[in-house]
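Structure first, then comments.
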Amino acid sequence: MKAENRTPTPTENDVDDLYFSVMSDDEDVFPISDSKYADGLQFQEVLLSSISRRDDKFGVKKLSVLPTKSLRKKVLLTGESSNPPSVIQYRQICTICYETYSSDVIFHNKNCSHLFCKECISHHIGTKLQENISSIKCPDPDCRSVIVMDECVDVVPPVVLERWSSALCESLVLSSQRFYCPFKDCSMLLIDDGDEDVSQAVCPSCQRLFCARCKVSWHVGYECVDYQSLDVNERNREDLLLLDLAKTQKWKRCPKCRFYVERREGCLHITCRCKYQFCYGCGDSWSNKHLSCHT
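With my numbering, letter number 250 in the sequence shown gets 297, and the count goes up by one each step, no holes.
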C-alpha cells in the first residue's frame, strides 16, 4: 500500500508546538484558541495510545509524554480571549426581607455583622425618625449596635438625612433647656439659657415676637404672672383681646360660670344668668356684708 505524503497544516503544527511547549517550563501565552488546542490534544493522545499498545507487543519500555493534569488546566485557562476575567458578584441575604442581593445593594453596619438591603434599612431609619428616635439601633432584635448616620449617606434620601441630623442635635440638648417657637408654622428648636430677666424674644427663624418665659406668642398688655393665671382655654389671641376689653370696661366675671357681667346701674348685688349671686365690687359670693363694698 502506498503511503500518502501530506503536509501538516499550520494549525496542526501549532498544536504540536503547543503540546511540547507544555512539557517545558515556558510561561509564554499560547497563541491558539482553547477549542483548537483541545482537538489537537485529543488527536495526540489517541496517537500516542496506539503507539504504546504496539510497543507493548515488542517489549519496548513506554515513556509517557502526556501533559500533566495541572498543565492541561493551565493551558485551558490561558486561551486567547482578550477580555479580562469579570469580577465575581457574591449574593447575600437581607435579614429583613430575606431576599438575595448582589453585594453592591447590601448595607453592612460596621458596628455589627448583620446585613440588610438598602431599601429595608432606609425604611427602618425613616420609621424610627417618625417615632422621634434619633439613636437608631440595628434592626436585628438581639443586636444593640447603633447605626452611624455618616455610613448612610448613600442609603437614605437627603431629606431623611437632614431630619436625622436635626434629631441628633436636638438629643444633645437637655430636655429642660429646649423648647420650640410657639408659632405652629415655624416650630424651630430654641434653647432656654435660663435668663429670667428676658421676657420678650424674637424667633431667629420666623422673626416673630414671643414671650421667652411663657413660651407663647407675645401677650400684649399682660404681665407674665397675669397671663399664667388665666385658664388654658383663655390664652389664645381672641381671648386675650376680650380680656383686655373687659379690663378696660371694668367688667366682672361670675365666679361660678366665668361669664362676663356688666353693671350699668343699681347696687352691687348681681344675679348671673346661671343663678349664682355675687358681689360686683369684690367678686365674692353675695352676703349682706358686701353692702359696704365699692366698685
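For glycine and all other residues, C-beta sits at the position ideal for the given N, C-alpha and C. Given the structure is predicted, the values throughout are model-derived calculations rather than measurements.
Range of the contiguous beta strand (DSSP E) that encloses residue i
i	result
GLN324	324-326
Distance CB(residue i)-CB(residue j) smaller than 9 Å
i	j	result
LEU256	VAL245	no
SER212	MET196	yes
ASN158	ALA214	no
CYS190	ILE168	no
CYS314	LEU338	yes
GLU309	GLN296	yes
CYS326	CYS304	no
TYR274	LEU289	no
TRP298	HIS316	no
PRO302	GLY330	yes
PHE226	ASP239	yes
Reference residue i; option with closest CA among the options
i	options	result
ARG138	PRO186, SER149 and PHE325	SER149
VAL193	PRO205, VAL203 and ASN156	ASN156
PRO229	CYS216, CYS340, LYS262 and CYS319	LYS262
LEU208	ILE172, ASP240 and PHE306	ILE172
ASP187	CYS233, ILE143, TRP298 and PHE226	ILE143
TYR145	PHE163, CYS301 and ASP151	PHE163
GLY268	TYR227, PRO251, ASP278 and LYS294	LYS294
GLU217	ARG260, ARG300, LEU237 and ILE140	LEU237
CYS233	GLN324, THR147, SER264 and ARG260	SER264
ARG260	GLN224, ILE153 and LEU219	GLN224
SER181	VAL272, LEU219 and PRO204	LEU219
Integer-rounded CB distance, given that residue j should sit under 8 Å from residue i
i	j	result
CYS258	HIS266	6 Å
LYS165	VAL202	5 Å
CYS185	HIS161	6 Å
Where the alpha helix (DSSP H) through residue i begins and ends
i	result
GLN224	Taken as a continuous stretch (DSSP letters only), GLN224 belongs to no alpha helix (DSSP H), as it is neither H nor E.
SER213	205-218
CYS167	165-177
| task | List in chain order: all unbroken alpha helix (DSSP H) runs of 4+ residues lying wholly within the segment 228-310. | result | As far as the segment 228-310 is concerned, its whole alpha helix (DSSP H) runs of at least 4 residues are 271-275 and 284-296.
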